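> Protein chains in written order, with this note's numbering: chain W, 54 to 599; chain F, 4 to 571.
For every residue, glycine included, the Cβ atom is placed at its ideal position computed from N, Cα and C.
Keep in mind the model is a prediction, meaning the values are calculated, not measured.
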Amino acid sequence: MIKLTKQQVAAIDHPGNLIITACPGSGKTTVISEKIRNELVDLKRHQGVIAITFTRKASKELARRCTRGGKETKSSFFGTIDAFCLSEIIFPFSKFIFGPGPDNLEPKFTDELSEAENTIITEAVNFLGALSVENTYDYMPVLKVLYDLGCIYFPSIPFLANHIVKQSKACRNYLKARYTTAYIDEYQDSSSAQHNLFLSLLGIGIRGVCVGDIQQSIYGWRESSPEFLKQLINMPTFNHLTVSVNHRCHPSISNYANRLFDEACEIEQGDEIRVYYCEVEGTELDAAVKLNNIIPSIIKKFPVKNLSDVAVLVRYNKGLERLREKLIIPCKIYTEDNLSRIESKTSQLWVALLEFRFDKSILVDDLVNTYSPVSDIRRDRLKALRDAIKNVRTVALEDLADTLLAASQSLLDVPVTAFEVNALIQIINDPELLNQYLPATEDQVQCMTLHKSKGLEFDIVIHLDLVEWVFPKRVPGANYNERVYPELEQDLNLHYVGITRAKNACVLIHTTQRINAQNAVKRADPSTFLSLPELDKLYKIVNKKW
Amino acid sequence: MEIEKISIVGFRNYLETTINFNKSSLIIGANDSGKTNLVHAIRLLLDKSLPESELEPSETDFHFEPNGKQSETIFIDLHFRDIKEDAVLSTLKGSVGEDEKCVLRYSAKRDDLSYALYCGPNRDELDEITSRFYLRYLNLRYVKSQRDLEKFISTEKKQLLKISQENRTEKEAEEDKGKLQVIEKRLTTINKYVRELHYVKGATDAVNSELSKLSHNLSEYSVYLDSGAIETQQFIDNLKLGASTAGSRISLGGDGRNNQILLSLWKAKSEREFDPESEVVFYCIEEPEAHLHPHQQRKLADYLISELPGQTFITSHSPQITARFSPESIVHIKSKSGKSYAASNGCSKCINTAWDKLGYRMSILPAEAFFAKSVFLVEGPSEKLFYTELAKSLKIDLDYYNISILSVDGVQFKVYTSILNAMEISWTIRTDNDISDITKNKKPYKNLAGINRCLTLARLKKIDHAPAATTHADLIKNGHWSGCSRKVNKKGIFLSKIDLEHDLSEEMPDELLKYSARPNLPLAIAYLQDKKAIRMREFLSKYSERLVDIEHGDIARALHHCLKQARE
Numbered sequence: 054m055i056k057l058t059k060q061q062v063a064a065i066d067h068p069g070n071l072i073i074t075a076c077p078g079s080g081k082t083t084v085i086s087e088k089i090r091n092e093l094v095d096l097k098r099h100q101g102v103i104a105i106t107f108t109r110k111a112s113k114e115l116a117r118r119c120t121r122g123g124k125e126t127k128s129s130f131f132g133t134i135d136a137f138c139l140s141e142i143i144f145p146f147s148k149f150i151f152g153p154g155p156d157n158l159e160p161k162f163t164d165e166l167s168e169a170e171n172t173i174i175t176e177a178v179n180f181l182g183a184l185s186v187e188n189t190y191d192y193m194p195v196l197k198v199l200y201d202l203g204c205i206y207f208p209s210i211p212f213l214a215n216h217i218v219k220q221s222k223a224c225r226n227y228l229k230a231r232y233t234t235a236y237i238d239e240y241q242d243s244s245s246a247q248h249n250l251f252l253s254l255l256g257i258g259i260r261g262v263c264v265g266d267i268q269q270s271i272y273g274w275r276e277s278s279p280e281f282l283k284q285l286i287n288m289p290t291f292n293h294l295t296v297s298v299n300h301r302c303h304p305s306i307s308n309y310a311n312r313l314f315d316e317a318c319e320i321e322q323g324d325e326i327r328v329y330y331c332e333v334e335g336t337e338l339d340a341a342v343k344l345n346n347i348i349p350s351i352i353k354k355f356p357v358k359n360l361s362d363v364a365v366l367v368r369y370n371k372g373l374e375r376l377r378e379k380l381i382i383p384c385k386i387y388t389e390d391n392l393s394r395i396e397s398k399t400s401q402l403w404v405a406l407l408e409f410r411f412d413k414s415i416l417v418d419d420l421v422n423t424y425s426p427v428s429d430i431r432r433d434r435l436k437a438l439r440d441a442i443k444n445v446r447t448v449a450l451e452d453l454a455d456t457l458l459a460a461s462q463s464l465l466d467v468p469v470t471a472f473e474v475n476a477l478i479q480i481i482n483d484p485e486l487l488n489q490y491l492p493a494t495e496d497q498v499q500c501m502t503l504h505k506s507k508g509l510e511f512d513i514v515i516h517l518d519l520v521e522w523v524f525p526k527r528v529p530g531a532n533y534n535e536r537v538y539p540e541l542e543q544d545l546n547l548h549y550v551g552i553t554r555a556k557n558a559c560v561l562i563h564t565t566q567r568i569n570a571q572n573a574v575k576r577a578d579p580s581t582f583l584s585l586p587e588l589d590k591l592y593k594i595v596n597k598k599w
Numbered sequence: 004m005e006i007e008k009i010s011i012v013g014f015r016n017y018l019e020t021t022i023n024f025n026k027s028s029l030i031i032g033a034n035d036s037g038k039t040n041l042v043h044a045i046r047l048l049l050d051k052s053l054p055e056s057e058l059e060p061s062e063t064d065f066h067f068e069p070n071g072k073q074s075e076t077i078f079i080d081l082h083f084r085d086i087k088e089d090a091v092l093s094t095l096k097g098s099v100g101e102d103e104k105c106v107l108r109y110s111a112k113r114d115d116l117s118y119a120l121y122c123g124p125n126r127d128e129l130d131e132i133t134s135r136f137y138l139r140y141l142n143l144r145y146v147k148s149q150r151d152l153e154k155f156i157s158t159e160k161k162q163l164l165k166i167s168q169e170n171r172t173e174k175e176a177e178e179d180k181g182k183l184q185v186i187e188k189r190l191t192t193i194n195k196y197v198r199e200l201h202y203v204k205g206a207t208d209a210v211n212s213e214l215s216k217l218s219h220n221l222s223e224y225s226v227y228l229d230s231g232a233i234e235t236q237q238f239i240d241n242l243k244l245g246a247s248t249a250g251s252r253i254s255l256g257g258d259g260r261n262n263q264i265l266l267s268l269w270k271a272k273s274e275r276e277f278d279p280e281s282e283v284v285f286y287c288i289e290e291p292e293a294h295l296h297p298h299q300q301r302k303l304a305d306y307l308i309s310e311l312p313g314q315t316f317i318t319s320h321s322p323q324i325t326a327r328f329s330p331e332s333i334v335h336i337k338s339k340s341g342k343s344y345a346a347s348n349g350c351s352k353c354i355n356t357a358w359d360k361l362g363y364r365m366s367i368l369p370a371e372a373f374f375a376k377s378v379f380l381v382e383g384p385s386e387k388l389f390y391t392e393l394a395k396s397l398k399i400d401l402d403y404y405n406i407s408i409l410s411v412d413g414v415q416f417k418v419y420t421s422i423l424n425a426m427e428i429s430w431t432i433r434t435d436n437d438i439s440d441i442t443k444n445k446k447p448y449k450n451l452a453g454i455n456r457c458l459t460l461a462r463l464k465k466i467d468h469a470p471a472a473t474t475h476a477d478l479i480k481n482g483h484w485s486g487c488s489r490k491v492n493k494k495g496i497f498l499s500k501i502d503l504e505h506d507l508s509e510e511m512p513d514e515l516l517k518y519s520a521r522p523n524l525p526l527a528i529a530y531l532q533d534k535k536a537i538r539m540r541e542f543l544s545k546y547s548e549r550l551v552d553i554e555h556g557d558i559a560r561a562l563h564h565c566l567k568q569a570r571e
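Written out as structure tokens, the structure is:
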């Protein structure tokens, strides 16, 4: 039995519309899952909650927590906002707006569009401008043309869903009949279309519970904004509770992190300081080499059970390349390869299948379920699908590409592009690239970008790239002295996220030199983040010169 | 949520038909007309107790036409409307349209005996579904005509006991626990005593002595009869449903009583299991009247209509039960040239205000008419007596041909004929040629009520009022009577020259005079009419053998016409 704090209990018990500001380490998933579990008790079998998370992985985890102890989730929906829009609104109800559609309506990423579809969209953008909340209505004829061709354009999903909710009584009746509350996580990364959809759900009479942290908004570059969370906080129909006790980080780490935003912030008293500034001579490449010694030295002071409890966080993907090149200590580099960079259902499936090949803990049905619920598939087809997937694990390397192609054909029924095939073959033929798909083991230090670290936690965090011009991003101003940081708020949030991943110790590394965009070696000053006001007593400087 | 209608194509009796339903629908029809097949069609889509294996069609499920051709496909579409219930909306999702309607379809192919299920907001937008997934929230409870109370009770008993256990208060549960312990102790004592009964022990003595003779190994071995150490739970499981009347216990009941018990049990069970907020349930009962006394049949019908919380479908052969339904809730299944269909496509609004004035409840006599192949409508009881006797004399077996003779007794013929038309039951009428006084523009006239009644029923133009002095004889002389008769007879409408008694005096003058002991015909007629039914009965009982003589007369023509309709 987990012991809940007073703040957590208040959030769980609150009966109305609610915004929960959940600070790092505050047990957000616990709060949401307990709240959902309590609500489900009184619901009928045909009712459920809507539980929206940012990633499929997070949905699975939340669903798992909610069903712990054999509890039923009844008719609830766990998934991402796009999955919700597609399965609960667009696929069932678009026919009442657009008329009867083709048999196979498919969501398509930009990379998957046919030439005809691409032309339609480009022309629409030229004529109407990019799809937005303001011009949604005008875009409907365009979306109808795509619909008649069997295409749902991914970026249009929340806009289309919102339109359908507003226009179709049958849709509203369905949502109201089935769902009692909508739980939305990571609301600080909501887009305006998603926000409007949420407001429409509230308008039908569904309760709203949002969880977010304005200070962890790091996806501003993707059309999301903490604006909408702020709007909700100001709405009279919403109550705002905070869960702020950080169970994860050592108090000195929380103190440091909180001071980043508020120089007058109260700090918890204590003796130990666990945040370290460490200067490393040389460039980022040298730092990567020196990490081979730095890491063991940190571990000596703060012993860990497994190397995987240590994380090295970089700002950009190219930092990961340097690590891959220079780190000798066993490590898992979480990077994007050509296949995952392609945004298409086929490439996503292949990535999942490659992971499946190497990770025995992934179940065949998990993969089948991602593409359509097992219960919807006829028995004969289900067997064929399962066999196609199982083969991926057993075939020899030389047959792997063909097997993957066969599997995606049966699961997706979507034509495969040469572009995708090339990316796949390139990976299969390169053992190092292929090994990226091996599941992480306990004895590998985990290396990833700051973005990727969101939601995770480690005993020790080593935060690189803290030099001027790099992080926060800086661009030349009108004159030499003017400092222009175009994404300061987002970068600060990112920095905050990185630091608050650490349980026991956080080491902030700055190098004396840096490699610039032209690949020249320049002198590097410590990042401005390291000299924010009132931080001085909250960190220790590592004396040893690296 | 209601079933609005069903359309059946190529399934068993039905080539292609649509049947509309009402909130409670009564389904009637001759034996083998297709009532049970209609029920089966609905069950395929909605009955949880029908296993998936029954969905597979067999060769004989495909409709056979008389020319030998057989249907290649079966379609059964159930149309629903007013879908508002959360549980159903939640489970059917986009299959419910903006108009709150939905269609479920079962289709089967003869070439490979395969079947498929579909669901969608209307007939043109159906998506295939892999199973009857909606049954959890939307289903039909069915009780068939062959009911086995014993079997039903043995399965339901355990459930009844279980539910009752769960519904006890804590105090009651504690008390029960105490009593159970007492029961256990006493059962142990009983077991002991039973074993010790001399004749129980003795029953096995003979066996044991022979055994010991058989083999040395068996000398220590013996068998005995034992109660088997009955446990409390077994004891309770073996409880039998008994009955008591005014406190004294009796054996369960005859078939009729059992029928009532079964239906109450069934209804109580479905109420228990039914959470109106989570489920939409339809009810279908075949022939609820089985073995029941007529008053009980009526009571049962009322019970089913008012107590069952969902839309109900009842099939019946009982006029008592039929009398409880208004005509617009009756589905009459007919069969013609090997094809079954519902008269007027099932439930339809054919009520007019005159019927409404009759009151909501029909009497028993009209209800019987719904089961007839042909109905002969006459003015009153004496006409009914007369024609029944006439039919017997002319060797026309009314029951054999499903003919009903009905006296309208003051209700307008039009009321009956409009309902019979809607039910597609053929009818013949014989009405009196009444003439009545009427004033128009302050001048006196005669209203040719009888003639105009016939013309209206035949959908022909009425005749204007006749001069005030017109008599019946005039109408015969001036050709109005024969003109009208000629036009309307072929439509089954027959007009007396005056009325039955007068017309009889023309065709059986001697018998009438002899019976009435009056000197002339007018007085004889008056005698008959003085106490209509009684005197007619007396007359008939004396002179029924003579009825044969008027076989080819005017009076009999209506009866012959009715017979002709019944034979079609």
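Does arginine 90 of chain W have its Cβ less than 8 Å from a Cβ in chain F?
no
> Of all Cβ atoms in chain F, is any one closer than 8 Å to the Cβ of tyrosine 227 of chain W?
By this cut-off, tyrosine 227 of chain W is an interface position.
> Would DSSP call glycine 349 of chain F helix, strand or coil?
strand
> Identify every run of the alpha helix (DSSP H) within the region 196-222 of chain W, keeping only runs that are complete inside it and at least 4 residues long; order them along the chain.
210-220
> Output the boundary residues of the beta strand (DSSP E) element that contains glycine 556 of chain F.
Segment: none, glycine 556 of chain F is in no beta strand (DSSP E) and carries neither H nor E.
> Check the DSSP bridge columns for tyrosine 344 of chain F and list the partner residues they point to.
F/Lys337
> Return the first residue and the last residue of the beta strand (DSSP E) that threonine 21 of chain F is part of.
17-23
> Cβ of glutamate 2 of chain F less than 8 Å from any chain W Cβ?
Look at the range of chain F in this structure, 4 to 571, and you will see that residue 2 of chain F is not part of it.
> Against lysine 96 of chain F, what residues of chain W qualify as contacts under a CB-to-CB distance less than 7 Å, listed in chain order?
Pro145, Tyr227
> Is histidine 99 of chain W helix, strand or coil when you go by DSSP?
coil
> Between W/Gln497, W/Glu451, W/Lys398, which lies nearest to proline 468 of chain W when the distance is taken from Cα to Cα?
W/Lys398
> DSSP state of arginine 540 of chain F, grouped into three classes?
helix
> Quick one: what's got a C-beta closer than 8 Å to glycine 182 of chain W's C-beta in the same chain, skipping five residues either side?
Asn188
> Answer yes or no: do threonine 82 of chain W and leucine 57 of chain W have a C-beta to C-beta separation smaller than 8 Å?
It is not a contact, given that the beta carbons lie outside the stated cut-off.
> Alpha carbon to alpha carbon, how far is isoleucine 381 of chain W from threonine 336 of chain W? Give it in angstroms, no decimals.
18 Å
> Between glutamate 55 of chain F and chain W, is the shortest Cβ-Cβ distance under 8 Å, so that the two count as touching?
no
> How about proline 525 of chain W and aspartate 544 of chain W: do their beta carbons lie closer than 8 Å?
yes
> I want to see whether chain F comes within less than 8 Å of histidine 548 of chain W, judged by CB atoms only; does it?
no
> For proline 579 of chain W, which residues does DSSP report across the bridge?
DSSP lists W/Val520 as the bridge partner or partners of proline 579 of chain W.
> Quick one: complete alpha helix (DSSP H) runs, 4+ long, within the region 274-312 of chain F?
Runs found: 297-310.
> What is the DSSP secondary structure of asparagine 70 of chain F, reduced to helix, strand or coil?
coil
> If you draw a straight line from the alpha carbon of serine 400 of chain W to that of leucine 392 of chain W, how long is it in whole angstroms?
Their backbone Cα atoms lie some 6 Å apart in a straight line.
> Could you pull out every unbroken alpha helix (DSSP H) segment of at least 4 residues lying fully inside the region 443-497 of chain W, listed in chain order?
450-465, 471-482, 484-488
> Give every residue of the same chain whose Cβ lies closer than 6 Å to the Cβ of histidine 293 of chain W, excluding the five residues on either side of it in the sequence, and list them in chain order.
Ile72, Ile286
> Less than 7 Å between the CB of isoleucine 173 of chain W and some heavy atom of the ligand SAH, yes or no?
For the structure depicted, the ligand SAH is absent and the ligand set is empty, with no information on it obtainable.
> Please go through the same chain and pick out, in chain order, the residues whose beta-carbon is closer than 6 Å to the beta-carbon of alanine 569 of chain F, but skip the five residues on each side of it.
In the same chain as alanine 569 of chain F, and ignoring 5 residues on each side of it, the C-beta atoms closer than 6 Å to its own belong to Lys376, Ser377, Tyr404, Ile406, in chain order.
> How big is the Cα-Cα spacing for leucine 141 of chain F and isoleucine 205 of chain W?
32 Å
> Give a yes or no on whether the minimum CB-CB distance between serine 79 of chain W and chain F is below 8 Å.
Closer than 8 Å: no.
> Check whether the Cβ of phenylalanine 149 of chain W lies closer than 8 Å to any Cβ atom in chain F.
yes
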